[in-house]
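My numbering runs 620 ahead of the 1-based position in the sequence shown.
Here a beta-carbon is modelled for each residue, glycine too, at the ideal position from N, C-alpha and C.
Remarks on the structure that follows.
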Amino acid sequence: MKKIAVITGASSGIGREFACLLDDMGKVDEIWLVARRRERLTRLAADLRTACRVLPLDLTKAESFVYYHEQLAGSGARVSFLINCAGLGKFGSFASNRQEDIDDMIRLNVTAVVMMCKYTLPFMARGGHIINMASSSAWLPLPYFSIYAATKAFVRHFSLALGVELASSGVGVTAVSPLWMNTEFIDIARDSPEGDAVDRFLILYEPRQTAVLALTDALSGKAESVTRAQKLIRRAVSLLPENTSMLLWNKIRKKRNALPSLSLHPLPPAGQ
Ligand SMILES: NC(=O)c1ccc[n+]([C@@H]2O[C@H](COP(=O)([O-])OP(=O)(O)OC[C@H]3O[C@@H](n4cnc5c(N)ncnc54)[C@H](OP(=O)(O)O)[C@@H]3O)[C@@H](O)[C@H]2O)c1
């Protein structure tokens with residue numbers, strides 16, 4: 621049976637890197653490249669040695685999943701890797717966020733990840749891997765990036781829980797939670813009414829680094845993929861009251877922070 625990898629968001633950034641890495645590793649017979657920009661996917665397919673199937677789909681649209689499912693069912697293939705990279709963020713206050721951007725963030729970052737997992741799982745078997753792009757923004761509520769951070773908290777929680785449910789089936793699930801990466805993501809996030817609400821990116825990784833670590837972690841059965849520096853930051857965040865961490869974020873997100881800062885009062889206990 622043909623072994624395939626399905627990668628969403630393969631037209632740029634880390635999705636493209638995953639495709640190149642899997643091509644180098646020669647682990648699958650075919651790579652399915654999913655994103656909207658057909659010409660980018662076609663160019664990538666031509667550059668890879670592994671056979672590719674180009675699926676130019678808009679994953680904010682329900683009919684895309686129906687088409688994907690038909691393709692999968694008709695292929696007779698087994699999915700060795702499902703790598704969900706398609707994602708989108710928009711900087712700015714919630715009040716300034718455009719309704720269509722809010723819809724797209726929720727549809728792409730949340731619904732599409734869930735639908736891709738739902739439709740793909742019946743075609744996976746022991747030894748298969750699901751890799752979902754979460755983000756370090758999943759660890760904390762982030763003012764001025766609130767919808768995005770909340771969608772990534774969803775992806776992280778969903779992935780960790782799914783990994784436990786699937787443990788006995790031998791399908792591994794890895795949530796990847798990087799800090800900033802040098803991709804088109806940041807320019808797209810800036811393209812919003814308050815796009816300058818975040819303009820300081822303290823640590824910027826190359827997407828290749830993150831993809832190499834994520835694949836290594838997935839193949840060694842880790843539920844979450846983060847660098848050592850990220851682990852330290854997360855530990856520090858977990859030791860601080862949530863409101864203090866949000867205050868810190870609010871200070872560091874801008875080079876010249878002119879926006880109002882948050883109160884330092886700790887959050888009341890849950891239920892109050
Ligand atoms: N860059 C960062 O700092 C960072 C940090 C943490 C986590 N992440 C996460 O990492 C993942 C990959 O991001 P990246 O940094 O590689 O950004 P990127 O270069 O902007 O890639 C995003 C990908 O999503 C695809 N996409 C966007 N809208 C789509 C739609 N409606 N339907 C289908 N595909 C769509 C894009 O392709 P088309 O435009 O061709 O459709 C592109 O291939 C995202 O989930 C992001 O949230 C990024």
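Measure the beta-carbon distance from Ile651 to Asp644 and round it to whole angstroms, keeping in mind my assumption that it falls under 8 Å. What you label residue 651 is simply residue 31 of the sequence shown in a count that begins at 1. What you label residue 644 is simply residue 24 of the sequence shown in a count that begins at 1. Rounded, the Cβ-Cβ distance is 12 Å, inconsistent with contact.
Under a Cβ-count criterion, where at least 16 other Cβ atoms within 10 Å of its own Cβ denotes burial, should Ala693 be classed as buried or exposed? For the purposes of this step, residue 693 is identified with residue 73 of the sequence shown, where counting begins at 1. By the 10 Å Cβ count, Ala693 comes out exposed.
Who are the Cβ neighbours of Phe701 in its own chain at under 6 Å, not counting the five residues just before and after it? Translated into the one-based positions of the sequence shown, residue 701 becomes position 81. Result list for Phe701: Ala625, His749, in chain order.
Residues sharing a beta bridge with Leu702, DSSP: Here residue 702 refers to the residue found at position 82 of the sequence shown. Leu702 pairs with Val626, Ile750.
Pick from Leu661, Thr670, Ala655 that is closest to Leu677, judged by C-alpha positions: For this step, residue 677 is matched to residue 57 along the sequence shown. With distances taken between Cα atoms, Leu677 lies closest to Ala655.
Return yes when the Cβ of Tyr688 is within less than 9 Å of the Cβ of Leu668, no when it is not. For the purposes of this step, residue 668 is identified with residue 48 of the sequence shown, where counting begins at 1. For the purposes of this step, residue 688 is identified with residue 68 of the sequence shown, where counting begins at 1. Their beta carbons are not under 9 Å apart, which means Leu668 does not touch Tyr688 by this criterion.
Taking only three categories from DSSP, how would you classify Tyr768? Here residue 768 refers to the residue found at position 148 when the sequence shown is read from its first residue. Of the three classes helix, strand and coil, the one that applies to Tyr768 here is helix, per DSSP.
Identify, in the order they occur along the chain, each residue of the same chain with its Cβ nearer than 6 Å to the Cβ of Met621, setting aside the five sequence neighbours on each side. Here the question's residue 621 lines up with position 1 in the sequence shown. If we look at Met621 and ignore the five residues flanking it on each side, its Cβ neighbours are Arg698.
Whose CA, out of Asn752, Ala773, Ser684, lies closest to the CA of Leu762? Against the sequence shown, residue 762 aligns to sequence position 142. The residue with the shortest Cα to Cα distance from Leu762 is Ala773.
Taking only the alpha-carbon atoms, compute the straight-line gap between Thr628 and Ile806 and give it to the nearest angstrom. For the purposes of this step, residue 628 is identified with residue 8 of the sequence shown, where counting begins at 1. For the purposes of this step, residue 806 is identified with residue 186 of the sequence shown, where counting begins at 1. If you take the alpha carbons of Thr628 and Ile806, they lie about 18 Å apart.
Classify Ala809 as buried or exposed, calling it buried when 16 or more other Cβ atoms lie within 10 Å of its own Cβ. Working through the sequence shown from its first residue, we reach residue 809 at position 189. Ala809 should be labelled buried.
Near ligand 1: Glu720 beta-carbon under 8 Å from a heavy atom: On the sequence shown, residue 720 is found 100 positions in, with the first residue counted as 1. Incorrect: Glu720 has no Cβ contact closer than 8 Å to ligand 1.
Across which residues does DSSP place Gly792 in a beta bridge pair? Locating residue 792 in the sequence shown gives position 172, counting from the first residue. For Gly792, which the question treats as bridged, DSSP gives the partners His749.
Going straight from the alpha carbon of Gln850 to that of Tyr825, what length do you get? As a position in the sequence shown, residue 850 is number 230, starting the count at 1. As a position in the sequence shown, residue 825 is number 205, starting the count at 1. Cα-Cα distance, rounded: 11 Å.
Would you call the region 816-835 in contact with the region 791-807, where contact means no fewer than 3 C-beta pairs closer than 8 Å? yes
Where Ser840 and Val791 are concerned, what is the direct C-alpha to C-alpha distance, given to the nearest angstrom? Along the sequence shown, read from residue 1 onward, the residue named residue 840 stands at position 220. Along the sequence shown, read from residue 1 onward, the residue named residue 791 stands at position 171. About 12 Å.
Looking at ligand 1, does it come within less than 8 Å of Asp678, judged from the CB to the closest heavy atom? Translated into positions along the sequence shown, residue 678 becomes position 58. Yes - ligand 1 has a heavy atom lying nearer than 8 Å to the Cβ of Asp678.
Run through DSSP, which three-state label would Leu642 get? As a first step, residue 642 must be located in the sequence shown, where it is residue number 22. Of the three classes helix, strand and coil, the one that applies to Leu642 here is helix, per DSSP.
Under the DSSP definition of a beta bridge, which residues are partnered with Met801? Along the sequence shown, read from residue 1 onward, the residue named residue 801 stands at position 181. Answer is Tyr825, bridged to Met801.
Check whether the Cβ of Arg828 sits closer than 8 Å to any heavy atom of ligand 1, and report yes or no. For this step, residue 828 is matched to residue 208 along the sequence shown. Answer for Arg828: no, Cβ out of range of ligand 1.
Where Arg718 and Tyr768 are concerned, what is the direct C-alpha to C-alpha distance, given to the nearest angstrom? In the sequence shown, residue 718 corresponds to position 98, counting from 1. In the sequence shown, residue 768 corresponds to position 148, counting from 1. Those two C-alpha atoms are separated by around 13 Å.
Where Arg776 sits in the DSSP three-state scheme: Counting from one through the sequence shown, the residue named residue 776 turns up at place 156. Here Arg776 sits in helix by DSSP.
Cutoff 7 Å; reference Ala665; Cβ partners in own chain excluding five residues on either side: As a working note, residue 665 is residue 45 in the sequence shown. Closer than 7 Å at Cβ, skipping near neighbours: Leu653, Cys672, Val674.
From which residue to which residue does the alpha helix (DSSP H) around Ala849 run? For the purposes of this step, residue 849 is identified with residue 229 of the sequence shown, where counting begins at 1. First-last of the alpha helix (DSSP H) with Ala849: 848-859.
Separation of Leu852 from Glu844, as counted between CA atoms: Here residue 844 refers to the residue found at position 224 when the sequence shown is read from its first residue. Here residue 852 refers to the residue found at position 232 when the sequence shown is read from its first residue. Spanning the two alpha carbons is a distance of roughly 14 Å.
From this set, Arg848, Glu814, Val775, Ser788, which residue's C-alpha is nearest Asn704's C-alpha? On the sequence shown, residue 704 is found 84 positions in, with the first residue counted as 1. Out of Arg848, Glu814, Val775, Ser788, Val775 has the C-alpha closest to the C-alpha of Asn704.
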